[in-house]
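Below: one structure, written as structure tokens.
Residue numbers (the working numbering): 145 to 279.
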């Protein structure tokens with residue numbers, strides 16, 4: 145009889161723990177929602193996506209009508225503009241991120257604190273002579 149009583153007590157304790165965790169989670173969720181609602185984030189985001197969806201549908205409809213009319217010159221111009229914008233953005237992003245590349249492996253070895261402490265550092269060089277430089 146005491147074994148069943150002990151199990152019931154453990155179940156009640158775990159149920160109480162679970163109820164307190166669910167209550168805390170609900171409180172956090174309500175706080176996040178009320179904070180976002182106070183800032184108007186939810187409403188403005190919904191309005192932004194709604195207007196973007198309407199504009200996109202209108203543009204797609206106009207593009208479909210243009211393609212259906214068979215105006216090949218206009219379709220070619222539009223395709224050239226899209227490809228041109230894509231290439232400009234690609235090369236612009238490539239140029240912007242050019243300076244953000246990581247160090248070369250030999251630079252990492254040269255600046256490694258373990259190598260500096262051991263005195264085994266060498267000057268990073270692209271030359272074929274890889275003997276250590278002693279100062």
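We put the CB at the ideal spot given by N, CA and C, even for glycine.
Fair warning: this is a prediction, and the values are worked out from it, not measured in the lab.
Endpoints, alpha helix (DSSP H) assigned at residue i
i           : result
residue 216 : 216–240
Simplified DSSP assignment, three categories, for residue i
i           : result
residue 181 : helix
Supposed contact pair residue j and residue i - C-beta distance, whole angstroms, cut 8 Å
i           : j           : result
residue 211 : residue 219 : 6 Å
Residue i at chain B interface by Cβ criterion, 8 Å
i           : result
residue 229 : Of the protein chains in this structure there is only one, and it is not chain B.
Candidates the options: closest to residue i by CA position
i           : options       : result
residue 222 : 207, 179, 236 : 207
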